[in-house]
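First residue of the sequence shown: 349, per our numbering; consecutive thereafter.
Glycine included, every Cβ here is placed at the ideal spot set by N, Cα and C.
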Amino acid sequence: MNDNLHQLRCFGCGARIRGEQAAPDFRCVVCGDLFEVEYPGWNQRGGTDRPNGGALKWLWRERRSSSELLDHSGVWRFRELLPILDSFGNAVTLREGHTPLYHLPRAAKALGIDQLYAKHQGMNPTGSFKDTGMTAALSVAKERGFEWVACASTGNTSAAMAAYAARAGMRSLVLIPEGKIAWGKLSQAMDYGALTCQVKTDFDGCLKVLTEIVREAPIYLLNSVNPYRLEGQKTPAIEIAESFDWHVPDHIIVPGGNLGNSSALGKGFRELRELGMITRMPKITVIQAEGANPLARSFRTNGGTAIDPVEAHTRATAIRIGNPASWRKASRVVLETGGWCLDVTEGEIAVAKAELGREGIGSEPASAVTLAGLKKLVADGRVTESDTVVLVLTGHTLKDADYTIDFHRGQLLSPEEAVPFASEIEALRRDAVEVEGTPKAVLAAIEAVKGRWA
Ligand code: F0G
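#1: Count the CB pairs spanning the segment 421-436 and the segment 483-491 that are closer than 8 Å, and state whether there are at least three.
#2: For ILE365 and ALA508, what's the separation of their Cα atoms in angstroms?
#3: With burial defined as no fewer than 16 other Cβ atoms inside 10 Å of the residue's Cβ, what is the status of SER762: buried or exposed?
#4: For ASN650, is the classification buried or exposed, using 16 other Cβ atoms within 10 angstroms of its Cβ as the cut-off for buried?
#5: Please specify which runs of the beta strand (DSSP E), each continuous and at least 3 residues long, are wholly inside the segment 385-471, giving them in chain order.
#6: Would you mind listing the alpha helix (DSSP H) stretches within the segment 571-657 that are 4+ residues and don't spill past its ends, in chain order?
#7: For SER476, write down the residues that DSSP places opposite it in a beta bridge.
#8: Going by the beta-carbon positions, is the gap between SER572 and ALA666 smaller than 8 Å?
#9: Look at the Cβ atom of ILE586, then the Cβ atom of PHE426, and state whether they are nearer than 8 Å.
#10: Determine, using beta carbons only, whether GLY604 and ILE635 come nearer to each other than 8 Å.
#11: Touch check for the segment 454-465 and the segment 392-411: three-plus C-beta pairs under 8 Å?
#12: Buried or exposed: MET538, going by 16 or more other Cβ atoms within 10 Å of its Cβ?
#13: According to the neighbour-count rule (16 or more other Cβ atoms, all chains shown, within 10 Å of its Cβ), is GLY402 buried or exposed?
#14: From this set, THR786, SER771, GLY785, which residue's C-alpha is nearest ARG800's C-alpha?
#15: Within 10 Å of its beta-carbon, does GLY686 have 16 or more other beta-carbons around it, so buried, or fewer, so exposed?
#16: Quick check: what's the CA-CA separation for THR505 versus CYS499?
#17: When the Cα atoms are used, what is the spatial distance from LEU829 to ASN472?
#18: Measuring CB atoms only, is the segment 448-464 touching the segment 718-733, in the sense that at least three cross pairs come out at less than 8 Å?
#19: Sort HIS661, SER646, THR662, GLY758 by Cα distance to ILE295 and report the nearest one.
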């Protein structure tokens, strides 16, 4: 490892170790907390290792027209800010990143705010934001000579890991909670050749089992407790800042599950500010599903200083997590940026997802918590008319097509869940209609909806 450039610092007790000294479960042997990657050379102002922010902005822009494979990656294009490999030639890439930033004019109008955007991380090669972290951490595993990599997952991490492992010619082990992940994701792990174990427990149970496995077998752990994952996942923060010409938006809204993503985006913006590339951090707000809301509860009861794990339930299976590993890091990000952590109901998630769909922006349910959360922030005045807001959409709509179909057939929500949103649901639902195979029948179908569709 490039130890003169990076080291690991314990988030709890501050202990510093070299990269290859980390325990297999990435927990600090002193206090049990997680590590963060840090770059000591950056702190010496004027030092030769401190990146020159102005020069980097120019270099990264130049790379957009480069034909180098690494420059085609929206992660490795920014490689000066993640010098975690001995040789960048070891990077395993599927051209991740470079995701679109979509304007959402209809949702913005409905909410009465001017500037609302979606940064769609579901447009990554395996359909979720996990690819940005996986290219980073799996490349480390490859460089260190591991044959096997593994993760516990609600589906997207496993899809990403299996794909990158396949590209690198490595073997991958996936532990997923039985019956609780979307089929699209399960099919990806199979397609990419992982050994997939459907374990008779939930996500939190899978992670516990895997933690014990990696302590005994030479298998490299690729959950977001692995600090190199977060180095890749911080790069969308750079993309966002670059898109706004280095004037960051006022608010970034992120879904919260195991809380690695919010931690990573916060780290990305923090480092840009420390390097003088932006002048302030956006407020970062984390949104959880009501049935999987340990951090939101923590903010309500103790200001984000301690969490009580919950038994998680939500149809947004990606964020069905009751004991999030990175909660301390995420809590720090929320507090330091002046953001919030809220939770939203199953009905609010379903309606928000359908509303995004009606703007032509598909996403998986876990991503739609961001719009549902934004509505609350606007309603209580925490987001105001002149604010610029970016929702981070984390997964592709085809990951969980069953959810979407169930919604449009009226089979997703229970009557109690649906009642508060009856009129919205009525306006948004678009079940398929069965017609005879004649032009007349299809034209009649058009006539039938003319009056009903606003
Ligand atoms: N959105 C999607 C689509 C996800 O897959 C996840 C997490 C999250 C949001 C939450 O991100 O955990 O960093 O707070 N999915 C993990 C997985 C847990 O196994 O795929 P987080």
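Checking against the coordinates, here is how it stands:
#1: yes
#2: If you number the sequence shown from 1, residue 365 lands on position 17. If you number the sequence shown from 1, residue 508 lands on position 160. Cα-Cα distance, rounded: 28 Å.
#3: The residue you call residue 762 lines up with position 414 of the sequence shown. With fewer than 16 Cβ atoms within 10 Å of its Cβ, SER762 is classed as exposed.
#4: Numbered from 1 along the sequence shown, position 302 holds the residue referred to as residue 650. When all chains shown are included, ASN650 counts as exposed.
#5: 449-451, 463-468
#6: With a minimum length of 4 residues, the continuous alpha helix (DSSP H) runs that stay inside the segment 571-657 are 575-581, 583-591, 608-622, 642-650.
#7: For the purposes of this step, residue 476 is identified with residue 128 of the sequence shown, where counting begins at 1. For SER476, which the question treats as bridged, DSSP gives the partners GLY743.
#8: Sequence index remark: in the sequence shown, residue 572 carries index 224 (1-based). Sequence index remark: in the sequence shown, residue 666 carries index 318 (1-based). No.
#9: Counting from 1 along the sequence shown, the entry for residue 586 is found at position 238. Counting from 1 along the sequence shown, the entry for residue 426 is found at position 78. Going by C-beta atoms, ILE586 is nearer than 8 Å to PHE426.
#10: In the sequence shown, counting from the first residue as 1, residue 604 sits at position 256. In the sequence shown, counting from the first residue as 1, residue 635 sits at position 287. Yes, these two residues count as a Cβ contact at 8 Å.
#11: no
#12: Locating residue 538 in the sequence shown gives position 190, counting from the first residue. Label assigned to MET538: exposed.
#13: Here residue 402 is taken as the residue at index 54 of the sequence shown, counted from 1. Under this definition GLY402 is an exposed residue.
#14: As a position in the sequence shown, residue 800 is number 452, starting the count at 1. Nearest of THR786, SER771, GLY785 to ARG800, Cα basis: SER771.
#15: Start at 1 with the first residue of the sequence shown, and residue 686 comes out as number 338. Counting Cβ neighbours within 10 Å, GLY686 comes out exposed, since fewer than 16 surround it.
#16: In the sequence shown, counting from the first residue as 1, residue 505 sits at position 157. In the sequence shown, counting from the first residue as 1, residue 499 sits at position 151. One C-alpha to the other measures close to 7 Å.
#17: Outside the shown range of the chain, which is 349 to 802, sits residue 829, and nothing can be said about it.
#18: Yes, the segment 448-464 touches the segment 718-733.
#19: One cannot answer for residue 295 here, as it falls past the ends of the chain, which runs 349 to 802.
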